[in-house]
Structure formats: C-alpha cells, structure tokens
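Residue numbers (the working numbering): 531 to 1482. A virtual CB, placed ideally from N, CA and C, is assigned to each residue, including glycine.
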C-alpha cells in the first residue's frame, strides 16, 4: 500500500522534452533523490509488475538505473509499452494515475490504465482518466454519497461515471483553469490536495462550485442541486471559488443578521484614490439571478477569489466594521484561503506608515468609537429623517462630508446599482479614515504618550481592535441556554407578576380614563361650531395642539384631590413617576419593594436563541412547531452575548441581548446559561477591580495594604463612621460612581444632613483621596479630558456647557478598570492560541460572555481536574481568600463549600477545580496590571461549573 511517504515520492512533473523527472517533493517534504530511491524501490519491488502502469515502470527504470531493454527483458514487455513519450508528449494520464492512486493509498497494482484518446486534448484525457480511476477504485473507506448518481461529463465521451468521480475531476480542471496551470503544474498541485481530500474523507473547498458547473459552464450535470447529492455532514460548507453561492452564503449571512449574498469586493487606495473591483464574470454567476452589468461587465480586476488574494497581499486594508462583520463573513466564505490569516498582524517599521495603520486591518468603526465615544450625529441627519442612524456609521459621515450614501436594498444579485453603492461606500469610508487620521488621531498623538507607561494612542488602538474581533467571535459563538428551564422560569415569574399586580393596584393613585382624543375630533367640532361662531362674532376656530394627559391629570388632582374612580393605567416607569409625585405632594413615599430596579429588564433571551444545527431562531421554531424547543430533544440553543467593545465614554463595553443578568436576589437567572455537551463553563473575575484602581491612583501604602490583605469595607466603615459594613460597601461604590449627597443619603438610608457629615469625615480621614479628587478635577477642568495609563483619553461630559466635576473621578476609575480587563482578555487569548487550549473548532478562544470585571468561556470537561478536601470551619475565611498553587505550579480555582456549614459545623468539605485556561486568564489580569504599571497588584480568580451561576 502506498502511504503518505509514498505519496511524496510520486513523479511530480514532466519536463518539456517528455522525460520523466523524479522529484521527491523536495520543496514541501524535504526528500532528496536518494530518499526517493530508498522509499520507492521497495515499494515498486513489491508490486506485480505485469500490472504496473507505464509511468510506474518508467519510474522504476529511472530509479534502478536500468535501460529500457533491461526493463523489457525483466518484465517481458515491448519497448513501446514501456515508453509513452511519443504518444503523450509529456502530458500524460499516467501521471494523474500515480498522483491520485498514491493519494488514495491504493497499491499500484490496482491502478488501471486507460488508453489515450488522440482525439482529445491532454486536459480532457486527464479529466477522463481521473474519473475512470476513482470509479475503478470505488472510493473505498470514504464517507460519500451512496446513491452513486451518474453524470455525463463531456458530450464527446460516452462513458458515465459516479457523481463523486465527476466532482473530483471537475475540481481538477476548474483548479487548472482558475490558476492557468499547465497539465504538469496541475498534477503537481493536485498531489497534496488529492491526498488530503481522500485521506481525511473531507471535501475540498471548491467542489461545491463545480457541482453546479459554474466554473465549467460546458459541463452538463444531471443534478443541479448539490445539497441532495452531498453527505449531510458536509452540507452548508461555502465554496472558496464560488463566494456568491446562494444556498451557502445565505446560511451564514442570515446567521449574521443580513440575508444577503456576497457578490462584489471593491477597494480604494487611501492615498492615491486608485480603485480595484472584483466580481465573478457573467458566465460564472448564477444563471437564475445574473444580469448583465453593461459597461462594468469585463472591466473588473479579477474574480472574488482574486479579491481575497488582493487583501492578503495588501500592506494594510481599512474596513468599516470589518472586525465586527466583514472579517468573520469572509472567513466563512473563503475558509481555506483565509485559514490562519491574521487580520491584526502588526506592521513593522519597514512597512508604509505603520504610525497611522499599525495593523494589517484598520477598522474605522473601532477607531471612531475610540477617538470620540460621544460622537454626535450631524444635525442635517435629523432634517433628512435619519435621526435613528448611528453617529459612527458610514451613512452619518457621508452626511458630514456632503456625499450621501446611496440607498440600495436588493442584495439578491449583482447589479450596476450595487457596484455604484459599494464604490460610494469606499469613497466615504476613505474620507472617514483620512478625516480621523488628520484630525482626532493627530490630536491624540500631539498630546504625547502617557508619562508613566510611554504608551500612545497607537497602543490603545491595537488593543481595542483585538478586543473588538474577540467580541465579534464571542457573539457569533453564543452562550448555550437551558430552554426548558427558561420556559419554566417564565411561567414562575408570570405567576409572581400577576400576584404582585393584584397586590399593587389597591395602592396606586386614581387615574382618570377616557377614550383617546384625536386631532380629527377637534377638526369635526370646529366645523360644526363654525356657523355659530360667525353669528356671535367669534373668530373662526382652528385646530391646534392640545396638552398632554399627564398635565391635565395633575391639574385635576391639584383642584379636586384624589381620583374618583379606581386606577386604570399601566404599571410602568411613567406611572410610577406619577405615583411618586403624588406621594411626595402628601409627604409620603412609594414603598421600596414597588420600585425595583429602574430600566433593568432582562428581555428577549429565549426568542433570541438560535440553533446552529437547524439554522433557525427559537421564535421561528415556535412558529413552525407551535411550541418552544426542548433541551433534551431539540439540540443546542445559543444566545449571542453581544458586546460592543467601546460602548461608553469610559471605554467600557455596552451589551445587547445578554444584559443585566442577576446573579443574586429573588430570581437569579444565570443558571439558565449552561455549558455545551462535553464542556464546562469557566469564569474568571478581576479581584476588587474598582478599589484596586482607586488604590493605584491614591498611591497610599496603608490603603493599598488594606485592599490587598485586609477588609477594605470595614476599613471604609470606620473611616466614614458608618454603623454597618454593608452600608459602607454601598457607600464607597456610590461615592466612586459620582453620587451626590442626596443620592448617597438615599442609598445608605440616612438624612442628607447626616450624609454631608459622613462625606466630610471620610475625606478628612483619607486625605490622599481628597488630594486625588482635587488633582483629577483640576486636570479635567483644564483639558476637558483625562489620560488613561495607555493612549486612551477619557472625555468629561458636559451639562449646560459646564463640565461635570462630580463625574471626573468616576471617568478615571472606570476607564482604567475597563482597560485592565481588556488588556487581560487580549493577553489571555494570545496565550490560549499559543498553547492550543480553550479553543473552539476554528482555533479561537471559546469566550461566551465578557461582562465588566468577568470573563466566561467554555472548556472541555475531560480536561478539568477536581479535588475535594476537609477543612476546619475556623480556617474558612482565610481559605476563601487564598490562591492555591500546587507543587507543579498549577493555579487552582477559588474554593467553595460542598458540604457542611462554616458557621455551625466544626469542619466543612471544600472543592477546587483546575483548568489551564483559568490560570491563563487569572495571570493575564496580573500581567495587565504590570503592563500598565499599576502601583498595586491586579489579581483574578476563577471558578468552573455547569452554568454561569456556578462561576460567578
């Protein structure tokens, strides 16, 4: 049997004079001619030479050094049978046999010989030979379509071969046509690909293309729908040579939220404005949708594959939202071509202008958000009815520059309108890039590096770009949800809400309810009264705006007191506000339990769940089957934990779908988010993030020591003179977030007067904090922004034209804390890729959620180690804080009690787990603190479990 070592020793090319040349894959595998003889001679000696193909005998002749006469005498074959030079002139079907035969791992004795047809071209002979060969060998051991449907592969050849043979042969010819290869060059290329194709039992990207005959339009296939003919395990794989293949691209495009095809790639040089346009030629586009492009037809610089190669060869490219959409989409459409391609590869000093484009890809959306998170929509947008578009979009910048983005809604096929649209997009995108580089980027660079770290905006942009790409992959991956438990939880909450509603209504103030009054009613009344008004000498009545219902209600209450009929309004934020005002007018107060958390709803998780296996959402499943999916029988359902990497002025993330999921309280919901089958959820938190950042800027050794090794909340309680530790915990976080005396008094349950005294005492007891606040406010008022440890600059927001001083400390702390977590994520992702741990099927870290100071990801369950041990209850408090490293240097998870009660039992059973990814993330948090030159050690601790509830 010819194994892989034999494969690399097969004849690789044919010289122009027709002589066979032994090339033992020197370039690829490093075999010398001596090695070729070493490996091939025993192989050929073991074959039944009566059945050897001609080129194999010729190869044996070359290796052994025997003449043709010696070969003829030894094998009893005529010299004419030994030599095929005169008939094939160096373009032989035999080479195809050797290559594909070796790739199929079949002995040479099974390779049939098919007579050369002089009436056919060399390529037609090669095509025909491959088809016959594959059918002869029967594709043994491969998971292929068992129907063995047949096709006629050329009108001048009568034979029929199996679908799989035709597909592979078409691939061979299409590959040659695409790359303009000679037959010998194509055989050279096919060796490696054929071997991988059949050895792994996998399809080569490109077979889907030729299955529909798009690269060989003369191919008349009897099956046009490849989905029916291909194994289920390989359906949905997008072709690398037919990127606009509708059935395939749509399966991904719909998942990305855009039911569109990929038809065209357009590029515009940032400096010279030179354009490059790539789309497939007319004859290769889908027959059911293609239209002639007029003057554009045939004027492109290449097909879509050429466009991908253009990206790979370019020194740098700029996309708008490239890291949030284009990069992931192109990787799905061109998996082989972009395999291992690093979109964010650093550009060194030798490259052109690495100071303004430090990476291979520049995402102008990330750049816009980083340079000005509070960017506003241009005023004319509102007058155009476009007040809903984002301020960082291409459309918004087109309005700024007076070049309006053209509308285009039909993405089902390539048209000249679509080409016009993409050309305008790149024109506006180019201007957006240059506008930011020449203004805000230059302004950031002019401010200089951080004096402590030496980092500039370029460092910050590289980090933000990496985070944006990781968060895009995270959202695409999704967090698995327990759909069955979700439904049960909804039913429980419905009952609770109904009970709360029933108890709520008797306490609500009265509200007058009437039929809605429409402007048309006013017009009708005026029309009817017009005649009487004329008789009385009153000017004609006209319809005007009328006051809001809330104002009329308030006027009624002020004159008449309580409403005369029961409450009939909705229980929402607006009605609660009316109730609060009514109670305040009487000197009363709305019960705390009625208020809840303002605007902190958890909506749409179950409807947002998607099944990648079925390719539909849970809502679509419900519409089809009239029920919600079941956890056990309907596969895995995942919700995207969308994280906009720069969502606030302090560079914290803004989340969608998976938002404000409570971990504690009456109804914690994190147990709804579970691990995939065969996986565990691993979560890592930044330990005491806000207070460690505060300690860094205070630079107070005493405070730092308490934060690291003491009880900081008890310390703050004593300094502020508060009665309870929990009150001190509430106080310090509200204080750091910029709360005034009124709000601090409310959250701590004291009067405003008392809070003023508490605040004054706290500031007096911690003078370093008072000095920090004074310094921050001085810098903020002087510049309007504050400098982060790296190249970020946090803007101070204004109200009525004045800078908000009370927010300045909060801006500094939140900004720095978010950057610590982001640098940690980038570092952890880099190490996971380097070590090959915690990766998904595409080789990327399997992050599930990244929320404030925590990261959640999936790891293989069989890689997790566990230990349970007994501990005296008196040691639990110390054990809970202790980071445990074993003798091999492995950092174990934070402990948790699995049995016993530390308050009542003498001993308890404690459990810890270990996975390399947990240690990587935790140590990445420490590294981030050191990288940003924080004055205090930053730490992380991780937990492992079956759901998010177990890890946070």
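- DSSP places residue 1402 in the uninterrupted beta strand (DSSP E) bounded by 1395–1402.
- Within the stretch 1192–1237, the runs of alpha helix (DSSP H) at least 4 residues long that lie entirely inside it are, in chain order, 1219–1228.
- Rounded to whole angstroms, residue 1240 and residue 1473 show a C-alpha spacing of 23 Å.
- Bridge partners of residue 1430 according to DSSP: none are assigned.
- Its Cα nearest to that of residue 1225, the residue 1298 stands out among 1366, 1298, 1336, 913.
- Rounded to whole angstroms, the separation of the alpha carbons of residue 1270 and residue 1289 is 10 Å.
- For residue 1260, the three-state secondary structure derived from DSSP is helix.
- Contact check for residue 1319 and residue 982: beta-carbon distance about 7 Å, within the 8 Å limit, so the pair qualifies.
- Where residue 837 is concerned, there is no enclosing beta strand (DSSP E), although the alpha helix (DSSP H) around it starts and stops at 834–843.
- Our two residues, residue 1220 and residue 1464, have alpha carbons roughly 13 Å apart in a direct line.
- DSSP, read as helix, strand or coil, puts residue 879 in coil.
- Cβ-Cβ separation between residue 1368 and residue 1389: approximately 5 Å, consistent with a contact (criterion under 8 Å).
- Distance from the CA atom of residue 1182 to the CA atom of residue 813, rounded to whole angstroms, is 49 Å.
- Look at residue 1185 here: in three-state DSSP terms it is strand.
- With respect to residue 958, residue 924 sits close: the two C-beta atoms are nearer than 7 Å.
- When secondary structure is reduced to three states using DSSP, residue 1464 falls in the coil class, being assigned neither helix nor strand.
- Separation of residue 1301 and residue 1336 (C-alpha to C-alpha, rounded to the nearest whole angstrom) is 14 Å.
- DSSP links residue 1414 through a beta bridge to no other residue.
- Looking at the backbone, the Cα of residue 847 and that of residue 809 are separated by about 18 Å.
- Comparing alpha-carbon positions, the option among 922, 900, 1430, 1192 lying closest to residue 908 turns out to be 922.
- In this structure, residue 1187 places its C-beta atom within 7 Å of the C-beta atom of residue 1170.
- Looking from the CA of residue 898, the closest CA among 1106, 1036, 1322 belongs to 1322.
- Residue nearest to residue 1480 within the set 1292, 1200, 1268 is 1200 (criterion: CA-CA distance).
- With contacts defined as CB atoms closer than 7 Å, residue 1377 and residue 1387 qualify as a contacting pair.
- Remark: C-beta atoms of residue 1333 and residue 1306 do not approach each other more closely than 7 Å.
- Taking the Cα positions, residue 1366 is about 45 Å away from residue 936.
- For residue 998, the CB contacts under 6 Å within the same chain, skipping 5 residues up- and downstream, are 853, 896, 1175 in chain order.
- Burial check for residue 1192: the Cβ neighbour count within 10 Å stays below 16, so the residue is exposed.
- Residues 800 of the same chain have their beta carbon placed closer than 8 Å to that of residue 964, with the five preceding and five following residues left out of the count.
- Residue 796 has 807 as its beta-bridge partners, per DSSP.
- Shown here, residue 829 sits in coil according to DSSP, grouped into three states, outside any helix or strand.
- With respect to residue 1172, residue 1005 sits close: the two C-beta atoms are nearer than 7 Å.
- Take residue 1461, set aside five residues on each side of it, and the residues of its chain with a beta-carbon closer than 7 Å to its own are 1353, in chain order.
- Put simply, of 884, 926, 1007 the residue whose alpha carbon is nearest the alpha carbon of residue 989 is 884.
- The C-alpha of residue 1425 lies about 19 Å from the C-alpha of residue 1455.
- At a Cβ-Cβ threshold of 7 Å, residue 1144 and residue 1015 do not count as neighbours.
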